[in-house]
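Asker: Following our numbering, the numbering of the sequence shown begins with 10 at its first residue and continues without gaps.
Positions of the beta carbon are idealized from the N, C-alpha and C atoms, including for glycine.
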Amino acid sequence: MEAFSIKNKISIQFALILIFRLLNTAVLRLFYKIACLITVASVLCSVKLLAQDEKKDVIPLERFYTDRTGGSALRRILKNVSFGFSTGYGNTYFSHRLDDFGVYQVAGGSPQIFSATTATRYSNWVNDVITDKTAVSGSAFVANPGTANLGFKGNALTIPLNLFAFYQFKEQYRFGLGYSYELMSIGIMKPTALTDQISEFQPSASSGFVGKFYGMLGYSFYRWNEYLFTGDVQIGSFSSTNFNSSLVSTNMYFNLAVTAERELSEYLNVFVRPSFDFKSYAINVPESNKSINHSMNTLYVSVGVTYRIPQLPKCFLKDCHAQIDHAHGNKEYRSRRHPFYKKQNPGYGENDKTLIKYRGKNKKKLNPY
10 MEAFSIKNKI SIQFALILIF RLLNTAVLRL FYKIACLITV ASVLCSVKLL AQDEKKDVIP
70 LERFYTDRTG GSALRRILKN VSFGFSTGYG NTYFSHRLDD FGVYQVAGGS PQIFSATTAT
130 RYSNWVNDVI TDKTAVSGSA FVANPGTANL GFKGNALTIP LNLFAFYQFK EQYRFGLGYS
190 YELMSIGIMK PTALTDQISE FQPSASSGFV GKFYGMLGYS FYRWNEYLFT GDVQIGSFSS
250 TNFNSSLVST NMYFNLAVTA ERELSEYLNV FVRPSFDFKS YAINVPESNK SINHSMNTLY
310 VSVGVTYRIP QLPKCFLKDC HAQIDHAHGN KEYRSRRHPF YKKQNPGYGE NDKTLIKYRG
370 KNKKKLNPY
């Protein structure tokens with residue numbers, strides 16, 4: 010009995026030791042799992058807090074940096090406004106038909122026109138009308154009203170001076186206003202029919218100035234490096250100083266063009282603009298209740314420049330050698346080292362290849378910097 014009891018005690022003790030070890034291992038595993046869960050939960054909470062406030066920095070950057078302010082409110086408004094000037098050459102094509110008039114031609118003289126009878130004749134019907142009621146010559150050549158293709162045509166030299174301004178948005182669209190003042194010299198008018206019987210004539214007051222006020226619309230349709238191609242249309246009114254305003258009534262004119270621009274800098278462009286004007290006017294003939302319609306379309310080739318006010322002011326420090334847009338304090342400036350016809354904020358490889366000390370007056374300075 011004693012031996013049996015001793016064996017039972019040993020078995021019980023061994024079982025207790027085994028159970029304790031098993032429990033000890035399970036507890037450790039449990040604690041390990043709990044620690045892992047706590048770690049995962051803390052990470053998830055941190056992610057959630059960061060997601061709720063992404064813009065909040067752990068260390069506020071305002072302690073180290075400040076927002077830049079570049080240019081005044083007026084500069085920011087005008088940064089897309091361009092001002093331009095152009096000049097060039099134009100050839101105006103004058104033409105008109107005399108469907109309701111006949112032609113009276115005295116040998117060696119200038120042609121005259123008449124409506125119903127040769128007793129009342131008119132000369133200089135291009136820009137003014139002069140009435141002539143002198144006696145009719147029996148040797149004069151007369152082409153009666155309704156003669157086929159009866160009319161005159163001629164050319165005029167035109168030199169335009171053009172000022173304009175436009176607003177550009179989305180880098181493609183532009184609209185603006187302009188005024189053109191043109192010197193126009195009308196040449197000889199030649200007959201379109203019966204050239205062996207009817208003479209040429211020179212209008213009186215052939216030289217004068219044409220003023221045109223217009224609105225413009227444009228669309229930039231193609232860019233190749235520094236070259237920009239824009240189609241535009243001008244619509245406006247015109248008048249001429251060598252036209253008799255009491256007899257002449259002008260119509261609205263249209264100008265169609267394609268402009269090829271070359272960007273010299275962010276603010277300065279040069280351009281070539283071939284264009285074509287569609288213009289017409291009517292001149293009333295006194296005592297006839299009739300008028301003559303004239304076409305005076307013009308082909309132009311113009312060259313010019315456009316400039317827009319930079320958004321950033323030029324750096325105020327004369328000794329500042331920064332060659333790109335930069336800041337002093339919280340205010341941003343553009344470089345003062347580049348002439349206005351060069352890039353003001355050059356990128357890599359776009360800077361002037363000639364060093365500052367070798368440019369212009371700096372060549373003679375001991376210390377160009």
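Considering only the beta carbon of each residue, do residue 290 and residue 305 sit closer than 8 Å?
Answerer: Contact flag set, yes.
Asker: Any idea if residue 139 is buried or exposed, counting beta-carbon neighbours within 10 angstroms, 16 or more meaning buried?
Answerer: By the neighbour-count rule (16 or more Cβ atoms within 10 Å), residue 139 is not buried but exposed.
Asker: By DSSP, does residue 369 sit in helix, in strand, or in coil?
Answerer: DSSP places residue 369 in helix when its eight states are reduced to three.
Asker: For residue 180 and residue 241, what's the separation of their Cα atoms in angstroms?
Answerer: One C-alpha to the other measures close to 14 Å.
Asker: Could you pull out every residue in the same chain whose Cβ sits closer than 7 Å to the Cβ of residue 161, ignoring the five residues on either side in sequence?
Answerer: 105, 198, 199, 200 and 201, listed in sequence order.
Asker: What did DSSP end up calling residue 166 once you bin it into helix, strand or coil?
Answerer: If DSSP states are grouped into helix, strand and coil, residue 166 belongs with the strands.
Asker: Output the distance between the C-alpha atoms of residue 169 and residue 208, rounded to the nearest integer angstrom.
Answerer: So the alpha carbons of these two residues sit roughly 31 Å apart.
Asker: Within 10 angstroms of its Cβ, does residue 275 collect 16 or more other Cβ (buried), or is it exposed?
Answerer: Residue 275 should be labelled buried.
Asker: Measure how close the beta-carbons of residue 171 and residue 189 come, nearest whole angstrom, since I'm counting them as under 8 Å.
Answerer: Indeed, because the Cβ distance is near 4 Å, the residues count as touching under 8 Å.
Asker: What three-state label does DSSP hand residue 83 in the structure shown?
Answerer: DSSP places residue 83 in helix when its eight states are reduced to three.
Asker: Strictly by DSSP, which residues pair up with residue 115?
Answerer: Paired residue(s): none; residue 115 is not in a bridge.
Asker: Identify which residue in 318, 368 and 347 has its Cα closest to the Cα of residue 87.
Answerer: The shortest C-alpha separation from residue 87 is found at 318.
Asker: For residue 333 and residue 280, I'd like the C-alpha separation in whole angstroms.
Answerer: Roughly 26 Å separates the two Cα atoms.
Asker: What are the partner residues of residue 125, as DSSP defines its beta bridges?
Answerer: Per DSSP, none; premise fails for residue 125.
Asker: Measuring straight from C-alpha to C-alpha, what distance separates residue 72 and residue 323?
Answerer: Low local confidence applies: a pLDDT of 49 at residue 72 is under 50, so the model's placement there is unreliable, with the coordinate-based value given in what follows. Looking at the two C-alpha atoms, the distance is approximately 28 Å.
Asker: May I ask whether a heavy atom of the ligand SAM can be found less than 7 Å away from the beta carbon of residue 188?
Answerer: Among the components of this structure there are no ligands whatsoever, and the ligand SAM is therefore not found.
Asker: Does DSSP put residue 200 in a helix, in a strand, or in coil?
Answerer: Note: residue 200 maps to strand in three-state DSSP.
Asker: Are the segment 247–254 and the segment 126–143 touching by the rule of at least three beta carbon pairs closer than 8 Å?
Answerer: Because the criterion of three Cβ pairs below 8 Å is met, the segment 247–254 and the segment 126–143 touch.
Asker: At 4 residues or longer, and completely inside the segment 272–356: list those alpha helix (DSSP H) runs for me, N to C.
Answerer: As far as the segment 272–356 is concerned, it has no whole alpha helix (DSSP H) run of at least 4 residues.
Asker: Taking the Cβ atom as the reference point for each residue, do residue 308 and residue 287 lie within a distance shorter than 8 Å?
Answerer: No. Outside cutoff.
Asker: Let me confirm a value: residue 212 is counted as buried when at least 16 other C-beta atoms fall within 10 Å, else exposed. Which label applies?
Answerer: Buried, by the Cβ-count rule.
Asker: Just tell me which of 292, 347 and 81 has its CA closest to the CA of residue 369.
Answerer: It is 347 whose Cα lies nearest to the Cα of residue 369.
Asker: Which same chain residues, not among the five before or five after residue 277, have their C-beta less than 8 Å away from its C-beta?
Answerer: The residues are 314, 315, 316, 349 and 350.
Asker: Along the beta strand (DSSP E) that carries residue 191, what are the first and last residues, could you check?
Answerer: Its beta strand (DSSP E) spans residues 182–195.
Asker: Indicate whether residue 222 and residue 229 have their beta-carbon atoms separated by less than 8 Å.
Answerer: No, these two residues do not count as a Cβ contact at 8 Å.
Asker: Compare the beta carbon distance of residue 225 and residue 187 with 8 Å and say whether it is the shorter of the two.
Answerer: Yes.
Asker: Ignore the nearest five residues each way along the sequence and tell me which others in residue 312's own chain have a CB closer than 8 Å to its CB.
Answerer: Excluding sequence neighbours, residue 312 sits near 95, 96, 97, 279, 280, 281 and 282.
Asker: What is the DSSP secondary structure of residue 100, counted as helix, strand or coil?
Answerer: Note: residue 100 maps to strand in three-state DSSP.
Asker: Thinking C-beta only, is residue 132 closer than 8 Å to residue 141?
Answerer: The answer is yes: Cβ separation under 8 Å.
Asker: In its own chain, which residues sit with a C-beta less than 8 Å from the C-beta of residue 184, not counting the 5 before and 5 after it?
Answerer: Excluding residues within five positions, the ones whose Cβ falls inside 8 Å are 175, 176, 224, 225, 226 and 227.
Asker: Are the beta-carbon atoms of residue 354 and residue 345 separated by less than 8 Å?
Answerer: Against a cut-off of 8 Å, the Cβ pair of residue 345 and residue 354 comes out as no contact.
Asker: Of the choices 294, 85, 231 and 356, whose alpha-carbon is the least far from that of residue 125?
Answerer: Ranking 294, 85, 231 and 356 by Cα distance to residue 125 puts 294 first.
Asker: Can you give the Cα-Cα distance for residue 108 and residue 154, rounded to whole angstroms?
Answerer: So the alpha carbons of these two residues sit roughly 6 Å apart.
Asker: I'd like to confirm the pairing. Which residues does DSSP put opposite residue 265 in its beta bridges?
Answerer: According to DSSP, residue 265 bridges with 242 and 285.
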